[in-house]
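Enquirer: One structure is given below, represented as structure tokens, and several questions about it will come after.
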């Protein structure tokens, strides 16, 4: 989702090659990418993927390619004039354009990016009747237009966003045999924060929060964190992300608690966050992003299952039961701070 904005084609080419060498061959994109979205870069992420595949660096049949049709939005007039609806005509138009940019004749997994009807999403957690609108396209029409598309679910899922488990979606997906593609498993980088020794030495929660914000918090201080990090680089241009991942007290407290737990059990915060998501029974894959080889190497290392055989199979393949129990305790104290 960053190819074409913060990631140049040579950088993208290097990252994609590293992924294939490591055995990662599932790549997710969308017609609206990269983000933050703007007319000048519209479609660049798909174009980069298509250019890479056509370069001969990889065979098309060795890649699992996913893309998405954008839902209704008044903010992206450069996408099909709105886009206004996710009806059959718009799905066909969007799919044809994506295939052209990707330089391929098929997409393995094609998804609706967000619903045609009003639902709470992108940081909203409560239904607002006043925000509902008429004219939603019937689901039957959408399914017919998608044809043979494979049924998959895709929702944000991380240590700080577990609404999938409690909102009824988990039960429906289990009963219908639908897997979850968990996006933002690192909460846009918040869950990669490492606590310094000074923070770990502080027992009082208030002092821990203050030190985290001052010394170690990625994004959590107005001028803190790496200058190239997404929320810093595009501050003021990324309203949805800033509202969801902003430095609210419960967000800071939750991130602090998970980072302290990671340090206590000898894991990096990234490894704790990724392994938790991969331990969930309905998760098919975690959708992550990297803008540098260093980030990609850390992600690949963090996503490795336990090597000592403790709890072979199931959640125990990724994290010991005691760690999962402590994660649930933190979740009970700070439930879903980044919905």
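Residue numbers (UniProt numbering): 1 to 339. We put the CB at the ideal spot given by N, CA and C, even for glycine.
Any contact between the region 297–308 and the region 323–336? By contact I mean 3 or more CB pairs, one from each, below 8 Å.
Expert: No, because fewer than three Cβ pairs between the region 297–308 and the region 323–336 fall closer than 8 Å, the two stretches do not touch.
Enquirer: Measure the C-alpha to C-alpha separation of residue 79 and residue 8 and round it to an integer number of angstroms.
Expert: Sequence index remark: in the chain shown, residue 79 carries index 79 (1-based). Sequence index remark: in the chain shown, residue 8 carries index 8 (1-based). Roughly 22 Å separates the two Cα atoms.
Enquirer: Spatial neighbours of residue 337 within its chain, please: CB distance less than 6 Å, with the 5 preceding and 5 following residues excluded, ordered by chain position.
Expert: On the chain shown, position 337 is the one that residue 337 refers to. Only 160, 250, 251 and 254 meet the Cβ criterion.
Enquirer: Rounded to whole angstroms, what's the CA-CA distance from residue 262 to residue 286? Just pull it up for me.
Expert: Here the question's residue 262 lines up with position 262 in the chain shown. Here the question's residue 286 lines up with position 286 in the chain shown. Cα to Cα, the separation comes out at about 19 Å.
Enquirer: Helix, strand or coil for residue 66, going by three-state DSSP, please let me know.
Expert: For the purposes of this step, residue 66 is taken as the residue at position 66 of the chain shown. Strand at residue 66.
Enquirer: Using C-beta distances below 7 Å, list every residue in its chain close to residue 282, excluding the 5 sequence neighbours before and after it, in chain order.
Expert: Looking up residue 282 in the chain shown gives position 282. Excluding residues within five positions, the ones whose Cβ falls inside 7 Å are 170, 173, 174, 179 and 180.
Enquirer: Tell me whether residue 274 sits in a helix, a strand or coil according to DSSP, three-state version.
Expert: In the chain shown, counting from the first residue as 1, residue 274 sits at position 274. DSSP places residue 274 in helix when its eight states are reduced to three.
Enquirer: Per the DSSP calculation, residue 155 is bridged to which residue(s)?
Expert: For this step, residue 155 is matched to residue 155 along the chain shown. For residue 155, which the question treats as bridged, DSSP gives the partners 182.
Enquirer: Please give me, in chain order, every unbroken run of the beta strand (DSSP E) with length at least 3 that falls completely inside the region 35–99.
Expert: Those beta strand (DSSP E) runs which fall completely within the region 35–99 and span 3+ residues are 64–69.
Enquirer: Does the Cβ-Cβ distance between residue 30 and residue 67 come in under 8 Å?
Expert: Locating residue 30 in the chain shown gives position 30, counting from the first residue. Locating residue 67 in the chain shown gives position 67, counting from the first residue. Cβ atoms of residue 30 and residue 67: closer than 8 Å.
Enquirer: Could you check what DSSP says for residue 192 in three-state terms: helix, strand or coil?
Expert: As a position in the chain shown, residue 192 is number 192, starting the count at 1. Residue 192 falls in the helix class under three-state DSSP.
Enquirer: According to DSSP, which residues form a beta bridge with residue 161?
Expert: Along the chain shown, one-based indexing puts residue 161 at 161. The partner list for residue 161 (beta bridge, DSSP) reads 158.
Enquirer: Could you spell out the range, first to last residue, of the alpha helix (DSSP H) harbouring residue 302?
Expert: What you label residue 302 is simply residue 302 of the chain shown in a count that begins at 1. Taken as a continuous stretch (DSSP letters only), the alpha helix (DSSP H) holding residue 302 covers 293–302.
Enquirer: Rounded to the nearest angstrom, what separates residue 92 and residue 116 at their Cα positions?
Expert: As a first step, residue 92 must be located in the chain shown, where it is residue number 92. As a first step, residue 116 must be located in the chain shown, where it is residue number 116. For residue 92 and residue 116, the distance between alpha carbons rounds to 15 Å.
Enquirer: What residue does the alpha helix (DSSP H) around residue 103 start on, and which one ends it?
Expert: Reading the chain shown from its first residue, position 103 is the one you call residue 103. No alpha helix (DSSP H) holds residue 103; DSSP gives it neither H nor E.
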